[in-house]
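J.: Below is one structure. I have some questions about it.
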Amino acid sequence: MLENLTDRLQSVIKTIRGQARFTEENISDAMREVRIALIEADVALPVVKYFIDRVKEKAIGAEVLKSVSPGQAIIKIVQDELTDLMGEQNAQLDFSTKPPAIILLAGLQGSGKTTTAGKLAKILKEQKKKVLLVSADIYRPAAIDQLKTLAESLSIDCFDSSPKDKPNTIATASMAYAKKQFFDVIIFDTAGRLGIDEAMMKEIKQLHKTLTPIETLFVVDAMQGQDAVNTAKAFGDALPLTGIILTKLDGDSRGGAALSVRHITGQPIKFIGVSEKTNGLEPFYPDRMASRILGMGDIVGLVEEAQKNVDIKEAEKLANKVKSGKNFDLDDFKNQIAQMKKMGGMGAMMDKMPKQLMNAANNVDPEEGNKSLNQTEAIINSMTRLERQKPELIKAKRKMRIANGSGVQVQDVNRLLKQFEEMQKMMKMFSKGGIGKLMRGLGGRLPGIR
Numbered sequence: 014m015l016e017n018l019t020d021r022l023q024s025v026i027k028t029i030r031g032q033a034r035f036t037e038e039n040i041s042d043a044m045r046e047v048r049i050a051l052i053e054a055d056v057a058l059p060v061v062k063y064f065i066d067r068v069k070e071k072a073i074g075a076e077v078l079k080s081v082s083p084g085q086a087i088i089k090i091v092q093d094e095l096t097d098l099m100g101e102q103n104a105q106l107d108f109s110t111k112p113p114a115i116i117l118l119a120g121l122q123g124s125g126k127t128t129t130a131g132k133l134a135k136i137l138k139e140q141k142k143k144v145l146l147v148s149a150d151i152y153r154p155a156a157i158d159q160l161k162t163l164a165e166s167l168s169i170d171c172f173d174s175s176p177k178d179k180p181n182t183i184a185t186a187s188m189a190y191a192k193k194q195f196f197d198v199i200i201f202d203t204a205g206r207l208g209i210d211e212a213m214m215k216e217i218k219q220l221h222k223t224l225t226p227i228e229t230l231f232v233v234d235a236m237q238g239q240d241a242v243n244t245a246k247a248f249g250d251a252l253p254l255t256g257i258i259l260t261k262l263d264g265d266s267r268g269g270a271a272l273s274v275r276h277i278t279g280q281p282i283k284f285i286g287v288s289e290k291t292n293g294l295e296p297f298y299p300d301r302m303a304s305r306i307l308g309m310g311d312i313v314g315l316v317e318e319a320q321k322n323v324d325i326k327e328a329e330k331l332a333n334k335v336k337s338g339k340n341f342d343l344d345d346f347k348n349q350i351a352q353m354k355k356m357g358g359m360g361a362m363m364d365k366m367p368k369q370l371m372n373a374a375n376n377v378d379p380e381e382g383n384k385s386l387n388q389t390e391a392i393i394n395s396m397t398r399l400e401r402q403k404p405e406l407i408k409a410k411r412k413m414r415i416a417n418g419s420g421v422q423v424q425d426v427n428r429l430l431k432q433f434e435e436m437q438k439m440m441k442m443f444s445k446g447g448i449g450k451l452m453r454g455l456g457g458r459l460p461g462i463r
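Quick note on my numbering: the sequence shown kicks off at 14 and runs consecutively.
Here it is in structure tokens:
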């Protein structure tokens, strides 16, 4: 996510860290590099100018404490301005209305409105709200069926609309149904087009008038870069938007939309799409995103994800085994892989880690890492319970059977057993207080990843 921008800004940071004091010249040099980084990231030019002017103004007027270097001070200024540029701190959805609260999703075709509707419904369901999904997309083939299938997979109610109905008829009928069934929230998915046209704008304006939603959220594909910002502005001129959802941010290595859309539209980014999975929608925190852009990671987000998905009893059980240095077996190893998958897999975890830590991990490819974890899990699943508890029993014939059962080569089984043996040694070092030895033993590698 935003990889190119992070790399460029990291390069600038390295340069300015060595400065002994602030001068107008070295600030201008640094800002020139930052400007290039932002333009390459497809940030809107008015936003680039605004941002650079703000940072220069603050940097030139800044008094640097003796405890920090000018380099550290300007990094703090850049981080604060990035945070301010991207908007309000976790702008909450507004539910201060008589139920059902209506959330209208608008956007172009292909922006991910339908899957975003399902993901948002899942989040609200977890907040104990009774949610109704409604589709008024009567133009795209199977759009209504797609939302119904998604709703069924999430055990969320979906209004039984039909492509034969008019969007305004669907709006009126779904509201009446929601009131009778005492729903707390309606999430209304609208039709999109390949481009902005008069017919679409007329329809969405009419739907807005009929529904009078408490939230009108514009869903936009972050990978469109500059186009995403222009489209958001066009919708903002036509509708009283209350917020923006940036989708496919996990595939956006530039970051132009994330940095531009709040400033251009004046509306806060409320959620970001970070994966195609149903749990791949996150509340947007500008300060955390600024930290990630500068290569500092999002440790708070990582901890929150762990708290939400990690089985505490299993974690305590493993902690006790680590402390004692005994009985750590392949079942425990497999459980750790399962916990990692619940947190979104290797890619989701790595994306929130500080850049320096990831560089120390030998630049592991997230996709390859996930494949490696899946392969490890398959190999362990092909073992008997006794073999998982006592890997020393696994000799040539057993290795052949395990390899055949998991669809891998015998050398893959050997590699796993070797990794596990190393992990057991590390656990013993840790139990004896040998943290230094443990870190040296890891050698910058992530356990279970080749």
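Note that the Cβ used here is the ideal one computed from N, Cα and C, for glycine as well. The model shown is predicted, which means the values in this text are computed figures rather than measured ones.
#1: Alanine 373 to isoleucine 88, Cα distance in whole Å?
#2: Skipping 5 residues on each side, what residues in its chain have a beta carbon closer than 7 Å to that of tyrosine 190?
#3: Just checking my contact of threonine 203 with glutamine 159 at CB under 8 Å: how many whole Å lie between their CB atoms?
#4: Considering only the alpha carbon of each residue, which of Lys71, Thr110, Gln402 and Ala303 lies closest to threonine 225?
#5: Which class does serine 148 belong to by DSSP, given the choice of helix, strand or coil?
#6: From the DSSP output, in three-state form, read off valine 274 for me.
#7: What residues match up with aspartate 234 in a beta bridge as DSSP calls it?
#8: Looking only at its own chain, which residues have a Cβ that is under 7 Å from the Cβ of glutamine 239, when we skip the five neighbours before and after it?
#9: Considering only their Cβ atoms, is the gap separating valine 61 from valine 91 smaller than 9 Å?
#10: In the DSSP assignment, what are the bridge partners of isoleucine 285?
#11: To the nearest whole angstrom, what separates the beta carbons of isoleucine 257 and alanine 245, a pair I think is in contact under 8 Å?
#12: Compare the Cα-Cα distances from isoleucine 151 to each of Lys179, Ser124, Ile169 and Lys135 and report the closest residue.
#13: Which complete alpha helix (DSSP H) runs does the stretch 393-418 hold, if anything under 4 residues is left out?
#14: Taking only the alpha-carbon atoms, compute the straight-line gap between proline 176 and alanine 241 and give it to the nearest angstrom.
#15: For glutamate 228, which option in Arg206, Gly123, Pro112 and Glu38 has the closest C-alpha, if you only look at C-alpha atoms?
#16: Report all residues from its chain with a CB closer than 6 Å to the CB of isoleucine 393; omit the five preceding and five following residues, and keep chain order.
#17: Helix, strand or coil for lysine 368 per DSSP?
#18: Using CA atoms only, rank isn't needed, just tell me which of Leu95, Phe195, Leu118 and Lys403 is closest to leucine 106.
#19: If you draw a straight line from the alpha carbon of alanine 155 to that of leucine 146, how long is it in whole angstroms?
#20: Excluding the five sequence neighbours on either side, which residues of its own chain have a C-beta within less than 6 Å of the C-beta of glycine 187, listed in chain order?
#21: Measure how close the beta-carbons of lysine 69 and isoleucine 40 come, nearest whole angstrom, since I'm counting them as under 8 Å.
#22: In chain order, what residues of the same chain have a beta carbon less than 8 Å from the beta carbon of leucine 167, not counting five sequence neighbours either side?
#23: Quick check on this structure: which residue in Thr19, Ala43, Ala72 and Ile200 has the alpha carbon closest to the alpha carbon of glutamate 53?
#24: Report the CB separation of leucine 294 from phenylalanine 284 in whole angstroms; it is logged as a contact under 8 Å.
#25: What do you get for aspartate 425, buried or exposed, if any count of 16 or more other CB atoms within 10 angstroms of its CB means buried?
#26: Can you give me the start and stop residues for the alpha helix (DSSP H) that leucine 224 sits inside?
#27: For the alpha helix (DSSP H) holding alanine 72, just list the boundary residues, first then last.
#28: Give me the Cβ distance between isoleucine 116 and valine 198, rounded to the nearest whole Å; I'm assuming they're in contact under 8 Å.
#29: What does the alpha-carbon distance come out to for the pair leucine 98 and alanine 235?
#30: For phenylalanine 248, name the three-state secondary structure that DSSP assigns.
#31: Decide if alanine 303 is buried, meaning its Cβ has at least 16 other Cβ atoms within 10 Å, or exposed.
#32: Taking the CB atoms as reference points, tell me whether isoleucine 9 and alanine 104 lie closer together than 9 Å.
#33: How many Å lie between asparagine 417 and proline 296 at the Cα?
T.: Judging by the given coordinates:
#1: Here residue 373 is taken as the residue at index 360 of the sequence shown, counted from 1. Here residue 88 is taken as the residue at index 75 of the sequence shown, counted from 1. Residue placement at alanine 373 cannot be trusted, given a pLDDT of 46 that sits under 50; what the coordinates show is reported in the next sentence. A direct Cα-Cα distance of roughly 22 Å separates alanine 373 from isoleucine 88.
#2: Taking the sequence shown and counting its residues from 1, one reaches residue 190 at position 177. Within the same chain, tyrosine 190 has close Cβ partners Phe172.
#3: For the purposes of this step, residue 203 is taken as the residue at position 190 of the sequence shown. For the purposes of this step, residue 159 is taken as the residue at position 146 of the sequence shown. With a Cβ gap of about 14 Å, threonine 203 and glutamine 159 do not count as contacting.
#4: Residue mapping note: residue 225 aligns to position 212 of the sequence shown, counting from 1. Nearest option by C-alpha distance: Thr110.
#5: Position 135 of the sequence shown, counted from the first residue, corresponds to residue 148. Three-state DSSP puts serine 148 in a strand.
#6: Residue 274 sits at position 261 when you count from the first residue of the sequence shown. Valine 274 falls in the helix class under three-state DSSP.
#7: Taking the sequence shown and counting its residues from 1, one reaches residue 234 at position 221. Paired residues: Thr260.
#8: Sequence index remark: in the sequence shown, residue 239 carries index 226 (1-based). By the criterion of a C-beta distance shorter than 7 Å, glutamine 239 is surrounded in its chain by Asp55, Ala57 and Gly269, once the five residues flanking it on both sides are discounted.
#9: For the purposes of this step, residue 91 is taken as residue 78 along the sequence shown, with counting starting at 1. For the purposes of this step, residue 61 is taken as residue 48 along the sequence shown, with counting starting at 1. Their beta carbons are not under 9 Å apart, which means valine 91 does not touch valine 61 by this criterion.
#10: The residue labelled residue 285 in the question sits at position 272 within the sequence shown. Beta-bridge partners assigned by DSSP to isoleucine 285: Leu259 and Glu295.
#11: Numbered from 1 along the sequence shown, position 244 holds the residue referred to as residue 257. Numbered from 1 along the sequence shown, position 232 holds the residue referred to as residue 245. 6 Å between Cβ atoms; contact.
#12: Along the sequence shown, one-based indexing puts residue 151 at 138. For isoleucine 151, the nearest C-alpha among the options comes from Lys179.
#13: 398-402
#14: The residue given as residue 176 occupies position 163 in the sequence shown. The residue given as residue 241 occupies position 228 in the sequence shown. Near 28 Å, if we compare the C-alpha coordinates of alanine 241 and proline 176.
#15: If you number the sequence shown from 1, residue 228 lands on position 215. The candidate whose alpha carbon is nearest that of glutamate 228 is Pro112.
#16: For this step, residue 393 is matched to residue 380 along the sequence shown. These residues qualify, in order along the chain: Leu343 and Lys347.
#17: Walking along the sequence shown from the start, residue 368 turns up at place 355. Note that lysine 368 scores a pLDDT of 49, beneath 50, so its modelled location is shaky; the value from the coordinates is reported in the next line. Here lysine 368 sits in helix by DSSP.
#18: Locating residue 106 in the sequence shown gives position 93, counting from the first residue. Distances from the alpha-carbon of leucine 106 to those of Leu95, Phe195, Leu118 and Lys403 put Leu118 closest.
#19: Counted from its first residue, the sequence shown places residue 155 at position 142. Counted from its first residue, the sequence shown places residue 146 at position 133. Distance between the alpha carbons of alanine 155 and leucine 146 is about 15 Å.
#20: In the sequence shown, the residue the question calls residue 187 occupies position 174. A small correction: the amino acid at residue 187 is serine; glycine does not occupy that position in the sequence shown. Setting aside the 5 residues that flank it on each side, serine 187 is surrounded in the same chain by Val147 and Phe172, each with a C-beta closer than 6 Å to its C-beta; the list follows chain order.
#21: To locate residue 69, count along the sequence shown from 1; it is residue 56. To locate residue 40, count along the sequence shown from 1; it is residue 27. Indeed they touch by this definition, with Cβ atoms about 6 Å apart.
#22: Within the sequence shown, the letter at position 154 stands for residue 167. Excluding positions up to five away in sequence, the list reads Gly131, Ala134, Lys135, Lys138 and Thr291.
#23: What you label residue 53 is simply residue 40 of the sequence shown in a count that begins at 1. That would be Thr19, whose Cα lies nearest to the Cα of glutamate 53.
#24: Locating residue 294 in the sequence shown gives position 281, where the first residue counts as 1. Locating residue 284 in the sequence shown gives position 271, where the first residue counts as 1. Yes, they are in contact, since the Cβ atoms of leucine 294 and phenylalanine 284 sit about 5 Å apart, within 8 Å.
#25: The residue you call residue 425 lines up with position 412 of the sequence shown. The residue in question, aspartate 425, is buried, as its Cβ has 16 or more Cβ neighbours within 10 Å.
#26: For this step, residue 224 is matched to residue 211 along the sequence shown. Run containing leucine 224: 211-224, per the alpha helix (DSSP H) assignment.
#27: Taking the first residue of the sequence shown as position 1, residue 72 is located at position 59. Residues 58-73.
#28: Numbered from 1 along the sequence shown, position 103 holds the residue referred to as residue 116. Numbered from 1 along the sequence shown, position 185 holds the residue referred to as residue 198. That pair is a contact at about 6 Å.
#29: What you label residue 98 is simply residue 85 of the sequence shown in a count that begins at 1. What you label residue 235 is simply residue 222 of the sequence shown in a count that begins at 1. Each residue's alpha carbon lies about 16 Å from the other.
#30: For the purposes of this step, residue 248 is taken as the residue at position 235 of the sequence shown. Helix, per DSSP.
#31: Translated into positions along the sequence shown, residue 303 becomes position 290. Buried, by the Cβ-count rule.
#32: Residue 9 cannot be examined here, being either before or after the span of the chain that is shown, 14 to 463.
#33: What you label residue 417 is simply residue 404 of the sequence shown in a count that begins at 1. What you label residue 296 is simply residue 283 of the sequence shown in a count that begins at 1. Between asparagine 417 and proline 296, the C-alpha separation is close to 44 Å.
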